[in-house]
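Numbering (our numbering), first residue to last: -5 to 309.
So, in structure tokens, the structure goes:
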């Protein structure tokens, strides 16, 4: 009942504030942009609070379909276009969560090959993203990206003193490149063991979603026999039952866990669409007052991603 009350309160607040934020919009596309930006900015903490309240009971009740709907809705919500000061590497953590829900094909959409290797972001995001780009697009016949360099740089990174969770995630991807299933087993356990030390809420710590994302990547890229050699983690934040349910699904559940009210019905449509295709740009390239470094730096192209995401919306 507490969750129902919290949902009703959040949705009422969200609808009122979103409508106010878009009240002066001259056309539907401008309004949709305002709606999405409000969802990520002003409506952010409220949405996260709902997720944190819902998660414990979903796990306790083993309500796997509803848990899946919550996870995929949250992944799509986190991947709404936003300027974060990074290039495509800024989406790395949330892309792992997307992989946990929708698999490798969703990653290929969010990380098209024309983005190239990431260069602007924190170290873990950079190495993780570049390993993903090589995994997704390099083949024995065609090396789109300099894999040897990417792997060497990632190797140096995992020997640093950055957080153990960050290094374990990157190390798992390195092991996946090398088809080292024993290493993947070890690193996946380390990912779960160290996840709780991240700056996240107590309830978020109940489920290490990125561990499922890493596993789904491995499942799509390894032969079946090799994938079976990976031992699943023994950890309170990893449900073997949920993972067994997830990989047994031939048709994934549709719909959202939290439905938005009629006043902002378009949020339901937006969050069930495929995530925005990743785009980057150099916004300071032609700005005379910008430094040489600023001019050559790539950032997430929020405007283009928003434009493409809302292009086919009704209204």
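By construction, the Cβ of each residue, glycine as well, lies at the ideal position given by its N, Cα and C atoms.
Mapping the DSSP letters down to three states, classify residue i as helix, strand or coil.
{"i": "residue 57", "result": "coil"}
{"i": "residue 294", "result": "strand"}
{"i": "residue 245", "result": "coil"}
{"i": "residue 275", "result": "strand"}
{"i": "residue 20", "result": "coil"}
{"i": "residue 30", "result": "helix"}
{"i": "residue 135", "result": "coil"}
{"i": "residue 192", "result": "coil"}
{"i": "residue 80", "result": "coil"}
{"i": "residue 269", "result": "coil"}
{"i": "residue 115", "result": "coil"}
{"i": "residue 150", "result": "helix"}
{"i": "residue 285", "result": "coil"}
{"i": "residue 205", "result": "helix"}
{"i": "residue 140", "result": "coil"}
{"i": "residue 91", "result": "helix"}
{"i": "residue 102", "result": "helix"}
{"i": "residue 50", "result": "helix"}
{"i": "residue 305", "result": "coil"}
{"i": "residue 145", "result": "helix"}
Applying the criterion that 16 or more other CB atoms from any shown protein chain within 10 Å of the CB defines a buried residue, is residue i buried or exposed?
{"i": "residue 157", "result": "exposed"}
{"i": "residue 223", "result": "exposed"}
{"i": "residue 296", "result": "buried"}
{"i": "residue -4", "result": "exposed"}
{"i": "residue 18", "result": "exposed"}
{"i": "residue 170", "result": "buried"}
{"i": "residue 165", "result": "buried"}
Do residue i and residue j have their C-beta atoms closer together than 8 Å?
{"i": "residue 168", "j": "residue 145", "result": "yes"}
{"i": "residue 85", "j": "residue 304", "result": "no"}
{"i": "residue 21", "j": "residue 293", "result": "no"}
{"i": "residue 40", "j": "residue 62", "result": "no"}
{"i": "residue 204", "j": "residue 87", "result": "yes"}
{"i": "residue 197", "j": "residue 46", "result": "yes"}
{"i": "residue 258", "j": "residue 9", "result": "yes"}
{"i": "residue 139", "j": "residue 127", "result": "yes"}
{"i": "residue 34", "j": "residue 76", "result": "yes"}
{"i": "residue 182", "j": "residue 208", "result": "yes"}
Step through the CB atoms of chain B and report whether any lies within less than 8 Å of the CB of residue i.
{"i": "residue 251", "result": "No chain B appears in this structure, which consists of one protein chain only."}
Can you give me the start and stop residues for the alpha helix (DSSP H) that residue i sits inside?
{"i": "residue 168", "result": "158 to 171"}
{"i": "residue 198", "result": "Residue 198 -> no alpha helix (DSSP H), and no H or E assigned at all."}
{"i": "residue 110", "result": "That residue, residue 110, is in no alpha helix (DSSP H); it is neither H nor E in DSSP."}
{"i": "residue -1", "result": "-4 to 15"}
Could you tell me if the beta carbon of residue i falls within a distance shorter than 7 Å of some heavy atom in the ligand MG?
{"i": "residue 241", "result": "With respect to the ligand MG, the structure offers nothing, as it holds no ligand at all."}
Secondary structure, alpha helix (DSSP H): runs of 4+ residues fully inside the stretch 210 to 260: Whole alpha helix (DSSP H) segments, 4+ residues: 218 to 222, 234 to 242.
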